[in-house]
Amino acid sequence: MAKRPVRLRVPPGLEDLAAAELVELGCDVEVVPGGVLAPRADLPKVLVGSRIGSGVTLQLGHVRLDSLPDALRGMPWQSVLTGGQRVEVVLRGVRGRGIEGKCEAVIARHAAKRGGGARLPALRVWLIAEDHRAEVAVEAARDLWKRGWRTAPGRAPLRENLAAAVLRACNWTGSEPLVDPMCGSGTFGIEAALIALGRAPGAHTRFAASFWPGDERGAIEREQKKPAKGGTAPSIRMSDRDTRQLGAARANASRARVDRHVRIEEAAFDTVEPPDRPGLVVLNPPYGDRLAGTEKTYRHVAAVLEQRWEGWRYGVLLPDGRLGRFMPGEVDTEIRFTHGGKRVWLARGRIS
Ligand SMILES: C[S@@+](CC[C@H](N)C(=O)[O-])C[C@H]1O[C@@H](n2cnc3c(N)ncnc32)[C@H](O)[C@@H]1O
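Per our numbering, residue 162 is the first one in the sequence shown, and the count goes up by one each step.
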C-alpha cells in the first residue's frame, strides 16, 4: 500500500490551505493537484478534523487494466466491506463490457466474514484508469462540507468548507472580531463561531468509513469523542438587508448551537457600524451574470469599506479577478477556487 493512501479531496486552488489545516492536526501530508494525501493512520483525524476538504478516499492499490476483474481479489476488502453489503463500482476511463457488475461481484465475494451488511449503505469503489493500470480506491466520506446544521439554505449559500477556507486564508484564528455584513444564510459567521469554540467539524458525522468492519471504526469514534478545544468566541456579527435571509441565518445558527455566540441583525451594508476593536470583515456579495452590474456592486463595496472600516482587514469574494483593482489598500487576489461551477477569487487586504 502507498505510504499516504488517504486522499482528502479539496476544491482546486485550496490544497495548501487544506494541507496546513491537516498539519496542525498532526497529520503527515503531501499536496497533490485537487487534494492532500495522508497515511492511513491519519484517516480519523482527516475525517473528523478537516474543515476545508470535500471528500475522502482510501487507495487500496493498483491493478492492471487487462486483468480486471480478477486482479481485485488480492485487495484488503475485509477491512472495508461487511458481508452482505452492496458494492457500487464507479469507473473513470476504465472500459469493458459489463465490467462494473463483474468487479462488484468479485469484490462482494471478498467481504469480511462479519455479516449484517445488507442494512448498511453501499460501499463505493472507484476504479480510475492511469495508462495501463487502474487505481482502486474506496470512498471513506463524501460531502464533508455538510456539517449538519444547515436547515435553511438561503438564496446563494456558500459551502461550509469554502467559508472555512476563506477564514483561514484571511488568517482568522478566532481571537479577533468578525463581521459579515451580507450574511445570507450565515455560513461565514457560523463557521467562524465553530472555529473559535474549537468544535471539530466532523464530531457528529456518520462517514462511510464509520461502517467499515476493521479497526478504523473505533479510531474514528475515539477521535469524535475528543472534547472540543473550548475557547470563547470573540464578537461575531452578521447582518443582511433581507429579512428572509436573516430568518435562515438564525435557524442555522441555532441548529449549529452557536446562537449565543453570534449577533444577527437587519441592516444595509452601508449603515453597519464596525465594532470598536478592528478585526476581519468578510463579504460574499451577490453577483449577476453581467460584468457591468457586478462592477457597480463591487465599486460600492470598496467605497463603503474605505469610508467606514478603517483599520480592518477584509476578505471579499469576487466573480472576476479583475474586480480586485477596485478594492481598497494593497490587495491580493492570489487565491482562487471553483464554487458551484463558477470561478471565484478572494480579494484580501487591509483598509488603512
Ligand atoms: C451571495 S449572498 C450571501 C450568501 C452567504 N455567504 C451564505 O452563505 O448564505 C449575498 C447576500 O447579500 C445580501 N445583500 C446584498 N446587498 C446588500 C446590502 N446592500 N446590504 C446588506 N445585505 C445585502 C443579500 O440579501 C444576500 O443575502
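All C-beta atoms in this analysis are idealised placements derived from N, C-alpha and C, irrespective of residue type, glycine included.
In the DSSP assignment, L169 falls outside any alpha helix (DSSP H) and lies within the beta strand (DSSP E) extending over V167 to R170. In the structure shown, K386 adopts helical secondary structure according to DSSP, grouped into three states. Cβ contact annotation for R402 (same chain, cutoff 6 Å, sequence separation greater than five): A429, in chain order.
Counting only beta-carbon distances shorter than 5 Å to the non-hydrogen atoms of ligand 1, the qualifying residues in chain order are G315, A317, P318, L319, M343, G345, S346, T348, D401, R402, D403, Q406, A429, F430, N445 and P447. Under DSSP, R398 forms a beta bridge with V340 and R424. Pairwise C-beta distances place the region 230-246 out of contact with the region 194-213, as fewer than three of them are shorter than 8 Å.
Residue environment for S228: exposed (fewer than 16 other C-beta atoms within 10 angstroms of its C-beta). For the 9 Å CB-CB criterion, L288 and V224 form a contact. Note on D437: under 16 other CB atoms within 10 angstroms of its CB, so exposed under the neighbour-count rule. In this structure the region 268-284 touches the region 245-252; the number of beta carbon pairs closer than 8 Å is three or more. Of all C-beta pairs linking the region 407-426 to the region 330-347, three or more are shorter than 8 Å, placing the two stretches in contact.
Collapsing the DSSP output to three states places I213 in coil.
For the set R320, Y475, R460 and E471, the Cα lying nearest the Cα of V340 is the one of Y475. When C-beta atoms of the region 355-362 are compared with those of the region 191-203, fewer than three pairs fall below 8 Å, so the two segments do not count as touching.
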